[in-house]
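Okay, so here's the structure we're looking at.
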Amino acid sequence: MLIEFRGVSKSYGDKEVLQNITLNIPSGAFLALLGPSGCGKTTLLSILAGFQDIQAGELRVAGEVWARPGYIVPPEVRNVGMVFQDFALWPHMSVFENVAFGLKVKRLPRQQIVDRVEEVLSLVRMQEYRHAMVHQLSGGQKQRIAIARALAPNPQILLMDEPLSSLDTKLREQMRWEILEFSSAAKTTTIYVTHDQIEALSMASHIVLLNAGKVEQTGSPQGLYTQPSTAFAAHFMGAANVLPVQVVRSDHSSIMVDWKGYQMLLDGKKVVQRMPYLLLLRPHHLHLHTYDGTVEWKDRFHPSLSSGDHIFSWTGVIMQRAYHGAQWLYKVEILLPHGKEILEVWQSEAYPIKSKVWVWTEKKSCTLVAGGESEQSRYQKKLG
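What follows is the structure, given as structure tokens:
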């Protein structure tokens with residue numbers, strides 16, 4: 001059951017919130033709609049649910065038109081389940097009555113309703129709470145009941161709008177596993193809205209990254225994290241050092257870049273030299289090594305780390321640090337031929353502030369991204 005957005009646009013007055021969205025969502029996918037607040041995630045979900053119309057384009061599901069300008073299939077006709085951000089459980093109803101609501105609307109026989117409610121309560125491990133009222137449930141239990149209610153009518157598509165945002169950190173981690181378990185057991189196509197990169201990376205089979213109403217990048221979690229196509233994607237898909245560089249030369253197998261006078265030979269295919277580029281260095285791909293003073297400070301390579309073109313290293317000073325339990329987060333000021341740069345480094349070993357260190361990484365951990373200082377500054381201004 002393929003879900004197709006074909007050039008879909010949506011506006012509220014003069015404000016265009018979705019611009020020419022074209023997506024194909026395969027049957028059985030767990031797709032995360034990821035992006036910052038106001039990027040159009042929830043609007044796209046609402047269009048799929050039937051709560052919003054569109055001004056341009058077309059939405060098709062299994063080949064059937066669900067929405068086009070001037071036409072919309074009503075929500076009650078679509079076989080779609082919805083889990084809302086605030087759960088939206090009815091406080092005057094018991095757990096059983098909440099889960100049974102959609103089945104009663106369909107006017108199913110009473111025994112069929114009872115059997116299906118018991119089935120989904122068993123799936124979310126809440127059978128013993130069937131007679132409880134909503135106010136008697138914890139946050140995690142309310143979330144399970146909201147999921148059970150959405151799954152009860154056997155929807156083809158399950159829509160989830162930031163369902164974990166109101167839960168504490170530990171419970172969010174637990175519920176990630178449970179949502180994956182429940183959606184897999186129900187064999188539905190799941191569309192999951194979130195602004196949390198960890199949720200998207202750890203749960204989704206596919207990610208659509210949205211930015212200002214447009215699709216920024218699509219692909220697998222691994223693909224978006226390791227090969228971002230823009231400065232926005234590089235910054236948004238986890239912690240990153242994103243650094244403006246210039247391409248000096250390139251051929252069919254390598255690219256030479258210049259980073260404030262420090263030249264790096266990277267693997268890659270020929271690129272357009274006149275374009276601006278960014279170098280992506282993830283903090284966990286950078287390593288620290290104590291600078292012992294045996295080599296001149298201006299020298300770039302430590303004797304024990306030097307291994308031809310496969311290692312890049314710089315001298316630096318630890319300016320700040322923060323303890324995050326399993327690791328330390330460091331801000332290291334490194335020395336370059338034509339200036340200095342602050343890099344974020346994650347390391348399990350403890351180094352004092354003002355320590356002189358070598359910072360090094362492997363060539364395979366360096367990623368070149370199309371873009372430049374102008375794109376990076378636009379992204380940072382947007383965050384600010």
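UniProt numbering applies: residue 1 is where the sequence shown begins, and numbers increase by one.
For each residue, glycine too, the CB sits at the ideal point set by N, CA and C.
Here the structure is a predicted model, which means the values were calculated and not measured.
Supposed contact pair Phe51 and Pro75 - C-beta distance, whole angstroms, cut 8 Å:
Locating residue 75 in the sequence shown gives position 75, where the first residue counts as 1. Locating residue 51 in the sequence shown gives position 51, where the first residue counts as 1. Contact flag correct, Cβ pair sits at about 6 Å.
So with Cβ pairs under 7 Å, would you call Gly40 a contact of chain B?
Among the protein chains of the structure shown there is no chain B, as only one such chain exists.
Endpoints, the beta strand (DSSP E) within which Ile25 is located:
Reading the sequence shown from its first residue, position 25 is the one you call residue 25. Where Ile25 is concerned, the enclosing beta strand (DSSP E) stretches over 15-25.
Under the three-state DSSP convention, the category Phe101 falls into:
As a position in the sequence shown, residue 101 is number 101, starting the count at 1. The three-state reading of DSSP puts Phe101 in helix, counting H, G and I together.
Beta-carbon contacts of Gly261 that lie in its chain and below 8 Å, excluding the five residues immediately before and after
Position 261 of the sequence shown, counted from the first residue, corresponds to residue 261. The residues are Leu336, Pro337, His338, Gly339.
Could you name the residues of the same chain whose beta carbon sits closer than 8 Å to that of Gly7, not counting the 5 residues immediately before and after it, in chain order?
Taking the sequence shown and counting its residues from 1, one reaches residue 7 at position 7. Closer than 8 Å at Cβ, skipping near neighbours: Asn20, Ile21, Thr22, Ala56, Gly57, Glu58.
Residue closest to Ile342, alpha-carbon to alpha-carbon, out of Ala350, Leu286, Val80, Ser348:
Position 342 of the sequence shown, counting from 1, holds the residue named residue 342. Answer by Cα proximity: Leu286.
Considering only the alpha carbon of each residue, which of Gln217, Thr169, Pro244, Val83 lies closest to Ile179?
Numbered from its first residue, the sequence shown carries residue 179 at position 179. If we check each option's Cα against that of Ile179, Val83 comes out closest.
Where Tyr71 falls, given that 16 or more other Cβ within 10 Å makes a residue buried:
Position 71 of the sequence shown, counted from the start, is the residue given in the question as residue 71. When all chains shown are included, Tyr71 counts as exposed.
What's the gap between the Cα of His302 and the Cα of Ser313?
Start at 1 with the first residue of the sequence shown, and residue 302 comes out as number 302. Start at 1 with the first residue of the sequence shown, and residue 313 comes out as number 313. With a pLDDT of 46 at His302, under the threshold of 50, the predicted position of this residue should be treated as unreliable, though the coordinate-derived value follows. About 8 Å.
Under a three-way DSSP split, which group does Phe30 fall into?
Here residue 30 refers to the residue found at position 30 of the sequence shown. Of the three classes helix, strand and coil, the one that applies to Phe30 here is strand, per DSSP.
Check the DSSP bridge columns for residue 393 and list the partner residues they point to.
Nothing can be reported for residue 393, as the shown portion of the chain is limited to 1 through 384.
Would you kindly report the start and end of the unbroken beta strand (DSSP E) that includes Tyr12?
If you number the sequence shown from 1, residue 12 lands on position 12. Looking at the DSSP string, the run of the beta strand (DSSP E) that includes Tyr12 is 3-12.
If contact is defined by three or more beta carbon pairs under 8 Å, each pair taking one atom from either stretch, is the segment 179-194 in contact with the segment 131-141?
no
Counting C-beta neighbours from all protein chains within 10 Å, is the total for Gln320 16 or more, i.e. buried, or is it exposed?
Translated into the one-based positions of the sequence shown, residue 320 becomes position 320. Answer is exposed; the Cβ neighbour count stays below 16.
Where does Pro91 land, buried or exposed, given buried means 16+ other C-beta within 10 angstroms?
Position 91 of the sequence shown, counted from the first residue, corresponds to residue 91. So Pro91 ends up on the exposed side.
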